[in-house]
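A.B. asks: Numbering (the numbering used here), first residue to last: 284 to 489. Just so you know, even glycine gets a beta-carbon here, dropped at the ideal spot from N, CA and C. No experiment lies behind these values; they were computed from the predicted model shown. Encoded as structure tokens, here's the structure I'll be asking about.
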Ligand SMILES: *Cc1c(COP(=O)(O)O)cnc(C)c1O
């Protein structure tokens, strides 16, 4: 089963409401303050499920662990420790480890050689539930067909990596968060089971 995460950062609440009325409950946000305002607008709608997909600033970890249901961008132990400490009297926070693609120069993510160690650490944290891996592509020219072909073969490698990861860490690992508006088809063909779609759903951001 593939899940659709509607990435609503920079999108109007009205558009989110239209989507929610069609049965979409998973929304992704990158900025804590913006997300809190939106959460307030949906506080009577159940079950809204909020995913944090932005860069995690350490002074925001408490709010993130309190207010969100998922975090896709955990990429170091220090942040994991803080998220774990901030989640009090709630069901565990679902987390994915964000992996850095070897070719990516400018986004977050942990190096592939350190993923298993971080996963082991997170598995031992009572307030965090490790659910899987998150892959982010490089920024690229939107019309570059060659790039898309390359991307698909890279994504196939990440899918195999994910299967190994799942075999190692067990059946609670059920999420490969891979694919955005631009590269969703390549990611889905490669085996992604959660796509994070913003502009292709909502139109361009404000
Ligand atoms: C903004 C964002 C998305 C959505 O990007 P679109 O190109 O609008 O689909 C997905 N994932 C992450 C981590 C993002 O920051």
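If we call anything under 8 angstroms between Cβ atoms a contact, is residue 379 one with residue 419?
C.D. replies: On the chain shown, position 96 is the one that residue 379 refers to. On the chain shown, position 136 is the one that residue 419 refers to. No; because the gap between Cβ atoms is not below 8 angstroms, this pair is not in contact.
A.B. asks: Quick check: residue 362 and residue 339, are their CB atoms within less than 8 angstroms of each other?
C.D. replies: Translated into the one-based positions of the chain shown, residue 362 becomes position 79. Translated into the one-based positions of the chain shown, residue 339 becomes position 56. Yes, these two residues count as a Cβ contact at 8 angstroms.
A.B. asks: Examine ligand 1 and report whether any of its heavy atoms sits within less than 7 angstroms of the Cβ of residue 290.
C.D. replies: The count along the chain shown starts at 1 and reaches residue 290 at position 7. Yes, the Cβ of residue 290 comes within 7 angstroms of a heavy atom of ligand 1.
A.B. asks: Any heavy atom of ligand 1 closer than 7 angstroms to the beta-carbon of residue 458?
C.D. replies: Stepping through the chain shown from its first residue, residue 458 is reached at position 175. No.
A.B. asks: For residue 305, count the other beta carbons within 10 Å of its own beta carbon; 16 or more makes it buried, fewer makes it exposed. Which is it?
C.D. replies: Sequence index remark: in the chain shown, residue 305 carries index 22 (1-based). Classification of residue 305: exposed, given that the 10 Å Cβ count is below 16.
A.B. asks: Grab the span of the alpha helix (DSSP H) containing residue 369 for me, first residue to last.
C.D. replies: For this step, residue 369 is matched to residue 86 along the chain shown. First-last of the alpha helix (DSSP H) with residue 369: 360 to 369.
A.B. asks: Confirm the yes/no value for this check: CB of residue 479, any heavy atom of ligand 1, distance under 7 angstroms.
C.D. replies: Counted from its first residue, the chain shown places residue 479 at position 196. Within the cutoff, so yes.
A.B. asks: Can you tell me the Cα-Cα spacing of residue 328 and residue 372, whole angstroms?
C.D. replies: Within the chain shown, numbered from 1, the residue matching residue 328 stands at position 45. Within the chain shown, numbered from 1, the residue matching residue 372 stands at position 89. Each residue's alpha carbon lies about 22 angstroms from the other.
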